[in-house]
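Q: This structure is in structure tokens; I'll ask about it shortly.
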Amino acid sequence: MAQYVNLRNLKFLLYEVFGIESLTKYEHFKDHNRESFDMILDTAKQIADNLLYPTFREMDVQEPQLENGVVNVHPTIKKYLKAMGDAGMIGATYDYEAGGGQVPASVYSLASFILSAANNGASMFTGLSSGAARLIISFGNQELKDKYVPKMLSGEWQGTMALTEPQAGSSLSDITSSAKPLEDGSYLIKGQKVFISAGEHNQAENIIHLLLARIEGAPAGVKGISLFVVPKFREENGQFVNNDVAAGSIYHKMGQKSTPAMHLMIGDNSNCKGYLVGEANQGLKYMFQMMNEARLGVGLVGASIATNAYYASLQYAQERPQGRRLDEKDQKTTPQTKIINHPDVRRMLLFQKAVAEGSLSLLLECARYADLIEVTEGEERENYSLLLDILTPIAKTFPAEYGIKSVSEAMQVFGGYGYCEDFPIEQLYRDIRIASIYEGTTAIQSQDLLGRKLTMKNGAAAMALMQEVSKTLQEASTHEELKKYVELLQKELGRMQQVMQRLLGFAMKQEFELFLADANLFMEMASLIVISWQWLKQATVAKVQILTKNPQGEELAFYESKIHAMKFFFAYELPKTKWLATRLMDDEVLTLAQEQKEIIV
Ligand SMILES: Cc1cc2nc3c(=O)[nH]c(=O)nc-3n(C[C@H](O)[C@H](O)[C@H](O)COP(=O)(O)OP(=O)(O)OC[C@H]3O[C@@H](n4cnc5c(N)ncnc54)[C@H](O)[C@@H]3O)c2cc1C
695 MAQYVNLRNL
705 KFLLYEVFGI
715 ESLTKYEHFK
725 DHNRESFDMI
735 LDTAKQIADN
745 LLYPTFREMD
755 VQEPQLENGV
765 VNVHPTIKKY
775 LKAMGDAGMI
785 GATYDYEAGG
795 GQVPASVYSL
805 ASFILSAANN
815 GASMFTGLSS
825 GAARLIISFG
835 NQELKDKYVP
845 KMLSGEWQGT
855 MALTEPQAGS
865 SLSDITSSAK
875 PLEDGSYLIK
885 GQKVFISAGE
895 HNQAENIIHL
905 LLARIEGAPA
915 GVKGISLFVV
925 PKFREENGQF
935 VNNDVAAGSI
945 YHKMGQKSTP
955 AMHLMIGDNS
965 NCKGYLVGEA
975 NQGLKYMFQM
985 MNEARLGVGL
995 VGASIATNAY
1005 YASLQYAQER
1015 PQGRRLDEKD
1025 QKTTPQTKII
1035 NHPDVRRMLL
1045 FQKAVAEGSL
1055 SLLLECARYA
1065 DLIEVTEGEE
1075 RENYSLLLDI
1085 LTPIAKTFPA
1095 EYGIKSVSEA
1105 MQVFGGYGYC
1115 EDFPIEQLYR
1125 DIRIASIYEG
1135 TTAIQSQDLL
1145 GRKLTMKNGA
1155 AAMALMQEVS
1165 KTLQEASTHE
1175 ELKKYVELLQ
1185 KELGRMQQVM
1195 QRLLGFAMKQ
1205 EFELFLADAN
1215 LFMEMASLIV
1225 ISWQWLKQAT
1235 VAKVQILTKN
1245 PQGEELAFYE
1255 SKIHAMKFFF
1265 AYELPKTKWL
1275 ATRLMDDEVL
1285 TLAQEQKEII
1295 V
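Here the sequence shown is numbered in this note's numbering, starting from 695 and rising by one per residue.
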């Protein structure tokens, strides 16, 4: 079986960089230890090796089909749901009383990363169930919890997030699905939902939609949206009856074909019942819990696909002979060299390593903050919340946007073969493209970062982040070899400050178009700096390990490769901030819509 993850790297991040074992000192995680963490990763690897990786290609070719109202997905999905349910993996992070295992999010996210690297589309089925069940646990009443959560955690029932409507994609405030109160306390739901992942399929006994709709008479906009549990089959007098959620059509997607994306017709026969979760009109606020989790989940998907493609192209580059080295004097008679010896191929491989491992490091940082939010209180907890808030849009966007570039480079390493179906790269390339679109497009994430996260609580999140980066700079500066990179990052932080001052000036003057017009460029600049921070952190740990543990052979090479990848990212990627800053500081704005004339077409 080809390599699709490197457990050594996962454990380096988990234990050496982020010291996740230290979480076990808190009451909430006290039943865990390194052995139990390793066991969770091993379980994920086993399920991935046995069920997901072997069917990755097949699930793409045997795309789900809608026949007579039912969507047939690959039969392995049923086995996968059961295996994950039996292993307690779907609700692993939940509290014991909710049926979970109180596993740290840090460990769980690496388990999800392994599953997704093996078969990114298939792993979505359990990710969706996990997020949907958690919404019920967090905000639902006891009846909802008892009725739905156990079966979702066992893998018998599928969970979904049903937000998007034809006219309400990025703009969820325009949702029109309606909910009319009924005498029995439930609601009559009517509307259409589009692109609902796993929204219908034949490998789960029931499908539980966590659906946003407006109760009749609710205020317009986001303040009038409520959250409902809408099952495919509802229970009535001990019987399960059809709940009038029909599969209108299935989308034929470019990638991630294993997971059906459904157009759902809800309540066409005026017989769809929904059950209110929490309070009326609080739905979007509740849904943000699942959306924020899902954003980090999409980041993980991006990082995991890029990782799979990186190892595939690395192996290919080590085996493929082509051409001779640039410094080979005898170009005619010397045998061909392996393409990994060409500097340009090495550049593409280093780029992929830097993107994949840099992204994963940031995602794990976020998961660690989520764990610390769980176990701390007061100011400390507030600080971790701010950090998670500000980093979430970056942790969704960088692995998606740079992941796409990274898989493109993997394809380039394969040459013509990468473009053909003989190798999985073309599938990975199609699969990863969605990551910058769903769960809030890059534009929406960028506006969230610049327009909301930077300004909230008078810039408290940005300050908290600066303090975290400063800690890394301080630690790195004690090593001569790293001092140059400390200075480079410090310079970039200064540049960022200037850009922020200028952009926030527009916000103060209420010139919101000028403020947010190039939010995507700001996102890229911020991401490059944040990922550089993560790389400096990894390199510092690697440096300390080399100095204190005297590693040899493969271990030494592993640590050295970390320092080298950090240098690569600082040399090849971080300087892009200069161009981005030039653009962001420029007075001339070329993208604003003109009322009087249309200049694009
Ligand atoms: C494969 C797949 C799976 C999905 N799974 C789910 C799911 O399980 N559940 C669910 O509810 N939804 C799901 N979605 C929907 C997904 O979240 C939306 O497609 C996404 O939010 C974008 O909405 P849209 O497609 O309507 O595009 P639009 O919102 O119309 O956006 C089109 C373009 O305009 C830009 N744009 C829109 N508004 C703004 C703005 N205010 N400022 C700047 N630019 C803007 C966007 O960035 C984008 O480039 C899925 C989609 C796909 C394709």
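Where a beta carbon is used, it is the ideal one built from N, C-alpha and C, also for glycine.
(1) Looking at Phe927: is its Cβ nearer than 8 Å to the Cβ of Gly968?
(2) Based on the DSSP secondary-structure assignment, which residues constitute the bridge partners of Asn900?
(3) Report the residue from Asp840, Gly918, Met985 and Met1042 whose alpha carbon sits nearest the alpha carbon of Gln1139.
(4) Below 8 Å on the Cβ atoms is my contact criterion, and I expect Ala907 with Ser891 to pass it. Report the Cβ-Cβ distance as a whole number of Å.
(5) Excluding sequence positions up to five away, which residues of its chain have a Cβ less than 7 Å from the Cβ of Lys1270?
(6) Can you confirm whether the segment 1106-1116 touches the segment 1188-1206 when touching is taken to mean that 3 or more C-beta pairs between the two stretches lie within less than 8 Å?
(7) Which of the three DSSP states, helix, strand or coil, is assigned to Phe712?
(8) Within 7 Å: the Cβ of Leu857 and any heavy atom of ligand 1?
(9) Name the DSSP bridge partner or partners of Ser943?
(10) I want to check one thing, is the minimum distance from the CB of Glu1133 to the heavy atoms of ligand 1 below 7 Å?
(11) Between the segment 754-761 and the segment 787-798, are three or more C-beta pairs nearer than 8 Å?
(12) Exposed or buried, which one is Pro769 when buried takes at least 16 other CB atoms within 10 Å?
(13) With H, G and I counted as helix, E and B as strand and the rest as coil, what does DSSP make of Arg1124?
(14) Compute the beta-carbon to beta-carbon distance between Lys1256 and His1173, rounded to the nearest angstrom, for a pair I have assumed lies under 8 Å.
(15) Mind checking His946: buried by the 16 CB within 10 Å criterion, or exposed?
(16) Write down every uninterrupted run of the alpha helix (DSSP H) in the segment 806-854 whose length is 4 residues or greater and which is fully enclosed by it, in chain order.
(17) If we count Cβ pairs, one from each stretch, closer than 8 Å, do we get three or more for the segment 818-826 versus the segment 985-1000?
(18) Checking the sheet assignment: what are the DSSP bridge partners for Ala873?
(19) Terminal residues of the continuous alpha helix (DSSP H) containing Ser730?
(20) Would a C-beta distance cut-off of 8 Å place Ala1296 and Cys1060 closer than the cut-off?
(21) Please report the straight-line C-alpha distance between Thr1031 and Asn900, rounded to a whole angstrom.
(22) Around the Cβ of Ala1287, are there at least 16 other Cβ atoms within 10 angstroms (buried) or fewer (exposed)?
(23) Return yes when the Cβ of Lys1147 is within less than 8 Å of the Cβ of Ala1158, no when it is not.
(24) Give a single yes or no on whether Lys947 has its beta carbon closer than 7 Å to a heavy atom of ligand 1.
(25) Return the CA-CA distance between Thr1091 and Asn931, expressed in angstroms with no decimal places.
(26) If you reduce the DSSP assignment to three classes, tell me which class Asn975 lands in.
(27) If you reduce the DSSP assignment to three classes, tell me which class Glu930 lands in.
(28) Who are the near neighbours of Thr1166 in its chain, counting only those whose CB is closer than 8 Å to its CB and skipping five residues on each side?
(29) Within 8 Å of any Cβ in chain B, is that where the Cβ of Pro1015 sits?
(30) Taking the alpha carbon of Asp1142 as the reference point, which residue from Ser865, Asn835 and Asp732 has its own alpha carbon closest?
(31) When you compare only the Cα positions, how much space is there between Met855 and Ser824?
(32) Would the C-beta of Ile1138 count as close to ligand 1, meaning under 7 Å from any of its heavy atoms?
A: Reading from the atomic positions:
(1) Looking up residue 927 in the sequence shown gives position 233. Looking up residue 968 in the sequence shown gives position 274. In this structure, Gly968 does not lie closer than 8 Å to Phe927 by Cβ.
(2) What you label residue 900 is simply residue 206 of the sequence shown in a count that begins at 1. BP columns for Asn900 point to Trp851.
(3) Numbered from its first residue, the sequence shown carries residue 1139 at position 445. Answer by Cα proximity: Met985.
(4) In the sequence shown, counting from the first residue as 1, residue 907 sits at position 213. In the sequence shown, counting from the first residue as 1, residue 891 sits at position 197. Their Cβ separation, rounded to whole angstroms, is 18 Å, which puts Ala907 and Ser891 out of contact at 8 Å.
(5) Counted from its first residue, the sequence shown places residue 1270 at position 576. Excluding positions up to five away in sequence, the list reads Leu1222.
(6) no
(7) As a position in the sequence shown, residue 712 is number 18, starting the count at 1. Looking at Phe712 - three-state DSSP - the assignment turns out to be coil, as it is neither helix nor strand.
(8) For the purposes of this step, residue 857 is taken as the residue at position 163 of the sequence shown. Answer for Leu857: yes, Cβ within range of ligand 1.
(9) In the sequence shown, residue 943 corresponds to position 249, counting from 1. Beta-bridge pairing links Ser943 to His957.
(10) Locating residue 1133 in the sequence shown gives position 439, counting from the first residue. At least one heavy atom of ligand 1 is nearer than 7 Å to the Cβ of Glu1133, so yes.
(11) no
(12) Translated into the one-based positions of the sequence shown, residue 769 becomes position 75. It is exposed - the Cβ of Pro769 has fewer than 16 other Cβ atoms within 10 Å.
(13) If you number the sequence shown from 1, residue 1124 lands on position 430. The answer is helix: DSSP assigns Arg1124 an H, G or I state.
(14) Here the question's residue 1256 lines up with position 562 in the sequence shown. Here the question's residue 1173 lines up with position 479 in the sequence shown. Going by Cβ atoms, the distance from Lys1256 to His1173 rounds to 13 Å, so no, they are not a contact pair.
(15) Here residue 946 refers to the residue found at position 252 when the sequence shown is read from its first residue. Exposed is the call here.
(16) 814-833 and 836-847
(17) yes
(18) Start at 1 with the first residue of the sequence shown, and residue 873 comes out as number 179. Ile883 and Ile909, per the DSSP bridge assignment.
(19) The residue given as residue 730 occupies position 36 in the sequence shown. Ser730 -> alpha helix (DSSP H) spans Arg728 to Ile741.
(20) In the structure displayed, the chain extends from 695 to 1295; residue 1296 sits before or after that span and is not available.
(21) Within the sequence shown, residue 1031 is the residue found at index 337, counting from 1. Within the sequence shown, residue 900 is the residue found at index 206, counting from 1. Answer to the nearest angstrom: the Cα atoms are 56 Å apart.
(22) By 1-based counting over the sequence shown, the position of residue 1287 is 593. Result: exposed.
(23) Start at 1 with the first residue of the sequence shown, and residue 1158 comes out as number 464. Start at 1 with the first residue of the sequence shown, and residue 1147 comes out as number 453. No, the pair does not count as a contact, with Cβ atoms beyond the cut-off.
(24) Translated into the one-based positions of the sequence shown, residue 947 becomes position 253. Yes - ligand 1 has a heavy atom lying nearer than 7 Å to the Cβ of Lys947.
(25) Taking the sequence shown and counting its residues from 1, one reaches residue 1091 at position 397. Taking the sequence shown and counting its residues from 1, one reaches residue 931 at position 237. One C-alpha to the other measures close to 47 Å.
(26) For the purposes of this step, residue 975 is identified with residue 281 of the sequence shown, where counting begins at 1. The answer is coil: DSSP assigns Asn975 none of H, G, I, E or B.
(27) Against the sequence shown, residue 930 aligns to sequence position 236. In the structure shown, Glu930 sits in a strand (DSSP, three-state: E or B).
(28) As a first step, residue 1166 is located in the sequence shown; it is residue number 472 there, counting from the start. Only Trp1227, Leu1230, Lys1231 and Thr1234 meet the Cβ criterion.
(29) Looking for chain B here will not work: only one protein chain is present.
(30) Within the sequence shown, the letter at position 448 stands for residue 1142. Out of Ser865, Asn835 and Asp732, Ser865 has the C-alpha closest to the C-alpha of Asp1142.
(31) Position 161 of the sequence shown, counted from the first residue, corresponds to residue 855. Position 130 of the sequence shown, counted from the first residue, corresponds to residue 824. Met855 and Ser824: Cα-Cα distance of roughly 11 Å.
(32) Taking the sequence shown and counting its residues from 1, the one referred to as residue 1138 is at position 444. Within the cutoff, so yes.
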